[in-house]
Amino acid sequence: MSNTTHGVGGLTFDPKKRTRPPELNVLAALILIILAFEVLGQLIIGDSFLFNTRENVGTLFNEQRLQIIILQVSIVGIIALGVTQVIITGGIDLSSGSIVGITAMVAMSFAQVAMVNGNPNPKAIFGPAWMDLPVIVPLIVGLACGIFAGLVNGLLIAYTRIPPFIATLGMMVSARGCAKWWSKGNPISFPTESYAAIGKGML
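When we follow the working numbering, the leftmost residue of the sequence shown carries the number -8, and every step to the right adds one.
What follows is the structure in structure tokens.
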């Protein structure tokens, strides 16, 4: 039985020389990391990382631990979806994390309660007229802030031909500086109940 090599347009293809897709390397690395944590979990705390090893437990997986993991990576995952599109098209975005910071800071400023334990809100940035607003207001303001920052990045890259690395690096530094200036270096606390409830729902 002889081996056959197919040729098309001067190119040759040998079925025995098929290369493995590089994406499989990422999957293999993920599986190795999971196995490593499983072994470490058994050695350090005597419990599995993903599975229920205790008696009288009706589920195979450790649902509480998986929920914690998903909640912790959800924000990073949402950011990664947008950045992935940029990388696929040959660009890069260094400012995504800083834009999230300034967006959250601005939105939180419009989601403050007027009174805290019977006293005026000590963390308030604006006056009483901007307190206890409907939850839609900080959401719209935060989205507008993020859209504006993304629009500036896009205009700089598309019309001034500034490389994406330089444009987004400048936006990263600017967004961080604006966040510190906006908050005066202090944390912004005491949001309204409706705003604080966002992201805490369970299915």
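For each residue, glycine too, the CB sits at the ideal point set by N, CA and C.
Query                                                                                                                                                                        : Result
Is DSSP giving V104 helix, strand or coil here?                                                                                                                              : coil
For a test of the three-state rule: what should DSSP assign to P182, helix, strand or coil?                                                                                  : strand
Going by the CB atoms, is the gap between V91 and I70 shorter than 8 angstroms?                                                                                              : yes
From this set, P113, G161 and L134, which residue's C-alpha is nearest L147's C-alpha?                                                                                       : G161
Below 8 angstroms on the Cβ atoms is my guess for R11 versus S89; work out the distance and round it to an integer in Å.                                                     : So it is not a contact: roughly 37 angstroms between Cβ atoms.
Just the Cα atoms here: how many angstroms apart are M96 and L134?                                                                                                           : 12 angstroms
Using a 10 Å radius around the Cβ and a threshold of 16 neighbouring Cβ atoms, would you call S180 buried or exposed?                                                        : exposed
Just to confirm my understanding: we take I138, look at its own chain, exclude 5 residues before and 5 after, and list those with CB closer than 8 angstroms. What are they? : none
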